[in-house]
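A.B. asks: Note that the protein sequences, when read in sequence, are chains A and B. Position 3 of the first sequence, counting from 1, maps to 3 under our numbering, and the rest follow consecutively. With the second sequence counted from 1, adding 1000 to any position gets you our numbering. To start, I am sharing the structure in question, which I have written as structure tokens.
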Amino acid sequence: MDAIILQILNGLDKGSAYALIALGLTLIFGTLGVVNFAHGALFMLGAFCAVTFSRLLQLSHTVIDETQKDFLGNPLKVDVPYIYEILGESAGAAVIDWAVPLSLLMAIPVMIAIGVIMERGLIKHFYKRPHADQILVTFGLAIVLQEIIKYFYGANPIPTPAPDAFIGSFDFGAMIGFDAGSIVYPYWRLVYFFFAAVIIAAVFAFLQFTTFGMVVRAGMADRETVTLLGIDIDKRFTMMFGIAAAVAGLAGVMYTPINSPNYHMGMDFLVLSFVVVVVGGMGSLPGAVLAGFLLGIVEAFASMTQVLEILPGINQIVIYLVAIVVLLTRPRGLMGRKGVMED
Amino acid sequence: MTDQTSNTGAVRPATSAAPKAKSAGFLGLTGKDASLVVLVAVLTLLAPFILNPFPEGSAMAQFNAGYPDLMQRFVIFGIFAIGFNILFGLTGYLSFGHAAFLGVGSYAGIWSMKLLTLNVIPSIIVSVAVAGLFSLLVGWISLRRSGIYFSILTLAFAMMSFALAYSVLTPITGGETGLQLKYFDPRILDGALAQGETPRANLFGLEMGASYEMQVGAWLFTFNAGYYIAAIAMLVAFYLSIRIFRSPFGMMLRAVKSNQNRLNYTGISPKPYTLAAFVISGMYAGLAGGLLVAMDTQVGAERMFWTASGEVVLMTILGGAGTLIGPVLGAGFIKYMENIVSTINKTTLEGWFAFAPDWLTDVLVTIVYPFVGKGWHLTLGILFMAVVIFLPGGLVQGGQKLASMFRRKKGDDAAASQSQPGE
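Here you go:
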């Protein structure tokens, strides 16, 4: 029992990342009908927003500290981050410690801006072109984006730690009445899961309970009629592209403590998130979320040693196997709508 | 083709007789295709000269591509891209998992060399056959869906092959270390090697690495046996692809691309045609894989990774999907960038811009440097995007546009209007 709970928990954090990226992909596909292969790159850009922000916070200048001496007796030179001088030492240290969550604030406007620029500058010209062209041009864009990041940040992963308060693990098993030590789970992964849940809930609430969301949903269902009613649906769809980019970016920001960001992390996630989207059903938002968590959990279970003893290597391929089976038995995916991508 | 119908009856016998006479002339090709094949053949066979335009030891010598290893890559990836183009260019099915067939072909080829003989002919035949069987299986399943679903299915199969080759199938694939030829391999058709001799791939005794070097003045030209074998394989592959493009079968594939529903309404199932195209392009990939093994007797799973599949997509689109020569050009272009442009470093750039004042040199080097050397992928990505946005017909269409502009300047409008993107 405890092993099962542990695997479900393990699946949740990866599943959260899959679900968030797949949600953004589906938002773009459902509104604009564009297959965005650059979505993994947006996830990666979000992660590098966090890197940039924590570097900005740590910008420092060198001062000569008369109170400390080095071994020769000269005054010691120490680096003092500017933030210490602005906020005072303790508050400044706290801000630097909380750099990753704080960079969410920077990532939201930056990612929305990137998304809107991308849509207006490039994707807009591809609505009338075949899906293959959309895949190809966004694939090219993904290469360009990741090479730019590689040029500025180098090819090595950049460790970006979580706040001290969330470093380490807690004993989840003891909390719910199992033996101590049976289910140990890192804090930050739990944070990531709750964060993903909040973002997903926020996106659904936004679509369900605001006028803007209502118009967008109407546009997804029947674009022509909405346009005939005199609503500038293009403008709102552009905004949705920005929001989808922000969702991917936020997923990237919060993922940095789990996996140090490097320039190709986006591509690694992209392939899997496309599988997730297809399994969930193209164009279905609940499907994307469901499939994201489901595949994350399936992957976690396949990595159990007991399973690997029976089927060696299954953890490497299980997601693709599930995708093949789902696509062949339920052609529209788990919750796909009729008439989407069936030309 | 169209001018034939527009002609009056009196002229028709003469015009319709002309292509027939030509088609009988050269292996069943029409005049234009025949000259294309001849052109490609001449360029490929003279490649050691053409790709080595700069004298040895000169500043430009690093742009020489006429060394065996790179020339082999040009033609082998040319084959890969030609095969991919038969699927994507004709039927429009975008496979994101073609590298799997290349990888499977490579593994099959090296096992043939390990178990049977070091001769490359059986090894290449085994590669093609095994890759063909594997693509039959993958195609049979994947082709049940189309569009993005097809792309994802092929991607899923390729990633599964990659993951399995890395983990469970290690006894067959060598896992992370890959496979190499060993002294103690059985090789039941060959005799035992002499003590201390290293096993090398050969063609009836002619080793793939054997080269004849020709020194002409400051130039050094290398004629490599392996390159010429690969080049002949590519010429055959190229010729076959032209025949496929011009055949009724090729026409059916184009019909699949333009409108599947219409095919269904006329009572024709597109599945056998697409499956045949898929298997043919899988066999091309297997041939490329077998040749890779023949030239460099080792295999690793990384050549099945999905980025390798992405690379052949890049090659085909960059050169011109659906055109005859485009994929070969694209493959050559990308391999040239990967091997030559990637070696340009800051010192080289400073050497180039040395004519300018110092400050201008610094500015130019700073601007250019991100796009060359390790950043060549950036140039590739930008070029690729530009091609997809502005030139859906790839470099070939670009060349045709330039040519037609040039011709229009001469006032020959009729010729310009005739040059269509080769689809």
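Note that beta-carbon positions come from the ideal geometry of N, C-alpha and C, so glycine has one too. All of these numbers come straight from a predicted model, not from anything done at the bench.
Three Cβ pairs or more, each shorter than 8 Å: is that satisfied between the region 49-69 of chain A and the region 323-335 of chain A?
C.D. replies: No, they do not touch.
A.B. asks: Determine, using beta carbons only, whether Ser1425 (chain B) and Ser1112 (chain B) come nearer to each other than 8 Å.
C.D. replies: Past the edges of chain B, shown from 1001 to 1423, lies residue 1425 (chain B), and the structure says nothing about it.
A.B. asks: Within 10 angstroms of the Cβ of Phe209 (chain A), are there 16 or more other Cβ atoms? Answer buried if so, exposed if not.
C.D. replies: It is exposed - the Cβ of Phe209 (chain A) has fewer than 16 other Cβ atoms within 10 Å.
A.B. asks: On the DSSP bridge assignment, give the partners of Gln1215 (chain B) in chain order.
C.D. replies: DSSP lists B:Leu1220 as partners of Gln1215 (chain B).
A.B. asks: Nearest to Leu20 (chain A) by CA position, among A:Tyr153, A:Ala196, A:Leu122, is which residue?
C.D. replies: If we check each option's Cα against that of Leu20 (chain A), A:Ala196 comes out closest.
A.B. asks: Restricting to Cα atoms, I'd like to know which of B:Phe1096, B:Thr1177, B:Pro1053 is closest to Ala1218 (chain B).
C.D. replies: Considering only alpha carbons, the answer is B:Pro1053.
A.B. asks: Please list the terminal residues of the continuous beta strand (DSSP E) segment that includes Glu66 (chain A).
C.D. replies: Taken as a continuous stretch (DSSP letters only), the beta strand (DSSP E) holding Glu66 (chain A) covers 60-69.
A.B. asks: From the DSSP secondary-structure annotation, give me the bridge partner or partners of Gln1180 (chain B).
C.D. replies: Per DSSP, B:Gln1298.
A.B. asks: Using a beta-carbon distance below 8 Å, is Ala1024 (chain B) in contact with chain A?
C.D. replies: Since pLDDT at Ala1024 (chain B) reaches only 47, below the 50 mark, its modelled position is unreliable, and no value is offered.
A.B. asks: By DSSP's criteria, Leu1206 (chain B) is part of a beta bridge. Which residues make up the other side?
C.D. replies: Leu1206 (chain B) pairs with B:Leu1203.
A.B. asks: Measure from the C-beta of Ile148 (chain A) to each C-beta in chain B and report whether the shortest distance is under 8 Å.
C.D. replies: Answer yes: the Cβ-Cβ gap between Ile148 (chain A) and chain B drops below 8 Å somewhere.
A.B. asks: Quick check on Ala1021 (chain B): buried or exposed, where buried means 16 or more other Cβ atoms within 10 Å of its Cβ?
C.D. replies: Residue confidence is low: Ala1021 (chain B) scores 43 on pLDDT, short of 50, so the model does not pin down where it sits. No coordinate-derived value is stated.
A.B. asks: Need the endpoints of the beta strand (DSSP E) that Val34 (chain A) sits in, please.
C.D. replies: Segment: none, Val34 (chain A) is in no beta strand (DSSP E) and carries neither H nor E.
A.B. asks: Would you mind reading off the limits of the alpha helix (DSSP H) that contains Lys128 (chain A)?
C.D. replies: Unbroken run through Lys128 (chain A): none, as it is neither H nor E.
A.B. asks: From which residue to which residue does the alpha helix (DSSP H) around Lys235 (chain A) run?
C.D. replies: Lys235 (chain A) -> alpha helix (DSSP H) spans 233-255.
A.B. asks: By alpha-carbon positions, which one of A:Phe193, A:Glu147, A:Arg129 ends up nearest to Pro1370 (chain B)?
C.D. replies: Minimum Cα distance to Pro1370 (chain B) is reached at A:Glu147.
A.B. asks: Suppose you measure from the CA of Gly1163 (chain B) to the CA of Leu1364 (chain B); what does that come to, to the nearest Å?
C.D. replies: In the sequence on display, residue 1163 (chain B) carries Ala and not Gly. Going by the C-alpha atoms only, they are around 44 Å apart.
A.B. asks: Quick one: is Met1295 (chain B) near chain A, going by C-beta distance under 8 Å?
C.D. replies: No, because no Cβ of chain A sits closer than 8 Å to the Cβ of Met1295 (chain B).
A.B. asks: Taking only beta carbons into account, state which residues of the region 1349-1373 of chain B come closer than 8 Å to chain A, listed in chain order.
C.D. replies: Those would be Pro1370, in chain order.
A.B. asks: Considering just the uninterrupted stretch of the beta strand (DSSP E) at Pro75 (chain A), what are its terminal residues?
C.D. replies: Here the beta strand (DSSP E) through Pro75 (chain A) covers 75-81.
A.B. asks: DSSP beta-bridge partners for Val1038 (chain B)?
C.D. replies: Answer by DSSP bridge pairing: none, since Val1038 (chain B) is not bridged.
A.B. asks: Judging by CA-CA distance, which residue of B:Thr1307, B:Val1328, B:Thr1379 is the nearest neighbour of Phe1096 (chain B)?
C.D. replies: For the residues B:Thr1307, B:Val1328, B:Thr1379, the minimum Cα distance to Phe1096 (chain B) belongs to B:Thr1307.
A.B. asks: Return the bridge partner residues of Asn10 (chain A) from the DSSP annotation.
C.D. replies: Asn10 (chain A) is not bridged to any residue.
A.B. asks: In chain B, which residues lie with their C-beta within 8 Å of the C-beta of Ile317 (chain A)?
C.D. replies: Residues of chain B passing the Cβ test: Met1159, Met1160, Ala1163, Leu1164.
A.B. asks: Taking the C-alpha atoms as reference points, what is the distance between Thr1316 (chain B) and Ile114 (chain A)?
C.D. replies: In a straight line, the C-alpha of Thr1316 (chain B) is about 30 Å away from that of Ile114 (chain A).
A.B. asks: In whole angstroms, what is the alpha-carbon distance linking Gly177 (chain A) and Ile149 (chain A)?
C.D. replies: Approximately 47 Å between the Cα atoms of the pair.
A.B. asks: In chain order, what residues of the same chain lie with their CB nearer than 6 Å to the CB of Ala1024 (chain B), ignoring the 5 residues before and after it?
C.D. replies: Only weak support is given to the placement of Ala1024 (chain B): the predicted model assigns it a pLDDT of 47, under 50, and the question is left unresolved by the model.
A.B. asks: Under three-state DSSP, which class holds Val184 (chain A)?
C.D. replies: Reduced to three states, the DSSP call for Val184 (chain A) is strand.
A.B. asks: At what residues does the beta strand (DSSP E) containing Phe1355 (chain B) begin and finish?
C.D. replies: Per DSSP, Phe1355 (chain B) belongs to no beta strand (DSSP E) and is neither H nor E.
A.B. asks: Kindly indicate if chain B contains any beta-carbon less than 8 Å away from that of His131 (chain A).
C.D. replies: For His131 (chain A), the answer is yes, since a Cβ of chain B falls inside 8 Å of its Cβ.
A.B. asks: Compare the C-alpha of Gly1381 (chain B) against each of A:Leu272, A:Phe139, A:Ile319 and name the closest.
C.D. replies: Checked all of A:Leu272, A:Phe139, A:Ile319; the closest Cα to Gly1381 (chain B) is A:Phe139.
A.B. asks: Taking only the alpha-carbon atoms, compute the straight-line gap between Leu1253 (chain B) and Arg1073 (chain B) and give it to the nearest angstrom.
C.D. replies: Those two C-alpha atoms are separated by around 29 Å.
A.B. asks: Give the residues of chain C in contact with Pro331 (chain A), contact being defined as C-beta atoms less than 9 Å apart.
C.D. replies: No chain C is part of this structure, whose protein chains are labelled A and B.
A.B. asks: I need the straight-line Cα distance from Ile1076 (chain B) to Val216 (chain A), nearest angstrom please.
C.D. replies: Distance between the alpha carbons of Ile1076 (chain B) and Val216 (chain A) is about 49 Å.
A.B. asks: Taking Cβ-Cβ distances below 8 Å as the criterion, which residues of the region 274-304 of chain A are in contact with chain B?
C.D. replies: If the cut-off is 8 Å between Cβ atoms, the region 274-304 of chain A has Phe274, Val275, Val278, Met282 near chain B.
A.B. asks: Excluding the 5 residues preceding and the 5 following Lys1409 (chain B) in the sequence, name in chain order all residues of the same chain whose CB lies nearer than 6 Å to its CB.
C.D. replies: Within the same chain, Lys1409 (chain B) has no close Cβ partners at all.
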